[in-house]
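Worksheet: the structure to be examined is printed underneath.
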Amino acid sequence: MQVVFLNQCCILGYDRLFFSLSLFISIKFLQMNTEVAPLSERITPKEHSPLVLKMTRQKGQVVFIWGESCCGQKKDGPQTAPQRVCSEEFLAVVRSLGWKLSIARAPQVFKPSPKIVEKGVNCYEPFSVFATCENVRQKVAAAHDAGAFPMLVGGDHCLAMGSIAASLERQPNLGVIWFDAHADINTPLTSPSGNMHGMPLAALMNLRDIQKAPGFEHRYPILKPERVAYIGLRDVDDGEKRLINEMGLSCAFNMDDLKRYGMKELVKQVLKKLCPTGTEPIHLSFDVDGMDPAEAPSTGTPVADGVRLHEALEMIQYIRATGCLYSMDVVEVNPSLGTEEDAEVTITNAQLVMAHTLGYTTTKAKL
Ligand SMILES: NC(=[NH2+])NCCC[C@H](N)C(=O)O
């Protein structure tokens, strides 16, 4: 099977790149109160490390899969995010980085779910979630089949079931980096909310109790616990803590770890675990609530004291530099929450994360 990794090599006219990026930066980025390098240092020459070149394919195609869903939780709004995140201005930046791009819409499917009568089973809209994730799975699969890099733009985090399932079907050894304030490994028996955006890892690992969710009898290829790493955790439910221990999810870094060791060391540990030979494919599931609410205020379940934007971008650069990124999600932007300014900040930062993944660099990141 052909393996297509995220292309690292940007062969571009730097004048053009500089122009459009500095436009983008000056309009959007500089409005924000974040630690970014001065303009003159933002655009660095492309990296020529042997590792990067080894993994490099032809300059590629990226497909933005619009996961227009909100059914994984109960707040209206995340379904409107893809269109705002993939603004014309943002798409122009992506093109200027040398990518060919296309958009594949994966609209939410509403499917009435059976009433759950079993005591202790808490699960909201499972039929809609499954059908919507199936839509996403097909779109991500089509992007892989076309040799493109699939970037899912959510929508809520339940959609990762679809995107990761599609990547796992092609790469059974896929490693998943779960960047999130939450562990998202609840089952209908442990979930405090019943929201399935808190359950995607349980579904992907096919934990026994996930089958209490109607429609979730095992359907996905299985993600092995040792192929998962967390970064950013700080709001983990008791049932999830138990599951993390039982499943032996040892690569789980919380905010204390980040403060103690720094992002560089955390990513080093994560890559040592998931990508030990420098060739294993990686999926990055980026929930904007992994970032601090100051950086991503418009999100459904914000948690204080999170990862700062510059740390998140540092993480992205290290992951990108492996040349092993195979697919990605950017989820949980909800433009309907907070003020319009909150929505703008959240959208801009999601765009920054995506632009960095696609080769835009602000710093020199070397592990
Ligand atoms: N992807 C997310 N934002 N997840 C939030 C989950 C919150 C909580 N642990 C729950 O299961 O309800």
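In numbering that gives the first Met the number 0, the protein residues as written are 0 to 366.
We treat Cβ as the ideally placed atom computed from N, Cα and C, and that holds for glycine.
Small disclaimer: the values here were computed from a predicted structure and weren't measured.
- K272 sits in a helix when the DSSP states are folded into three classes.
- Relative to T347, the option among E225, A295 and K118 whose CA is nearest is A295.
- Secondary structure of Y219 (DSSP, three-state): coil.
- Contact annotation: the segment 251-258 does not touch the segment 193-210, with fewer than three C-beta pairs closer than 8 Å.
- Secondary structure note for Q78: it is in no beta strand (DSSP E), with a DSSP letter that is neither H nor E.
- Boundaries for G119: no beta strand (DSSP E) harbours it, and the DSSP string shows neither H nor E there.
- S127 is classed as buried because its beta carbon has at least 16 other beta carbons within 10 Å across all chains shown.
- For Y359, the secondary structure class from DSSP, reduced to helix, strand or coil, is coil.
- Shown here for M262: same chain residues with a beta carbon closer than 7 Å to its own, the five before and five after excluded, namely E310, E313 and M314 in chain order.
- Three or more beta-carbon pairs separated by less than 8 Å link the segment 153-172 to the segment 60-79, which places the two stretches in contact.
- Of the residues R226, N333 and E245, the one whose Cα lies closest to the Cα of P280 is R226.
- In the displayed model, V175 falls within a strand according to three-state DSSP.
- Sequence-distant partners of P125 (beyond 5 residues in either direction) whose C-beta falls short of 7 Å from its own C-beta, in its chain, are S112, M195, A212, P213, G214 and F215.
- In this structure, ligand 1 has a non-hydrogen atom nearer than 7 Å to the beta-carbon of T300.
- The beta carbon of G231 sits no closer than 7 Å to any heavy atom of ligand 1.
- Within the DSSP secondary-structure output, H282 pairs in a beta bridge with V175 and S326.
- Under a 10 Å Cβ-count criterion, G299 is classified as buried, with 16 or more other Cβ atoms of the shown protein chains found around its own Cβ.
- Boundaries for S86: no alpha helix (DSSP H) harbours it, and the DSSP string shows neither H nor E there.
- Here V116 is exposed. Its C-beta has fewer than 16 other C-beta atoms within 10 Å.
- Across the structure, G59 and F285 are spaced so that their CA atoms are roughly 21 Å apart.
- In the structure shown, L232 adopts extended strand secondary structure according to DSSP, grouped into three states.
- Of the candidates E245, P171 and G161, the residue whose Cα lies closest to the Cα of M327 is G161.
- Residue burial annotation: E239 is buried, with at least 16 other C-beta atoms found within 10 angstroms of its C-beta.
- Taking the CA atoms as reference points, L273 sits about 36 Å from F109.
- In chain order, W65 and E67 place their CB closer than 7 Å to the CB of R104, counting only its own chain and leaving out the 5 sequence neighbours on each side.
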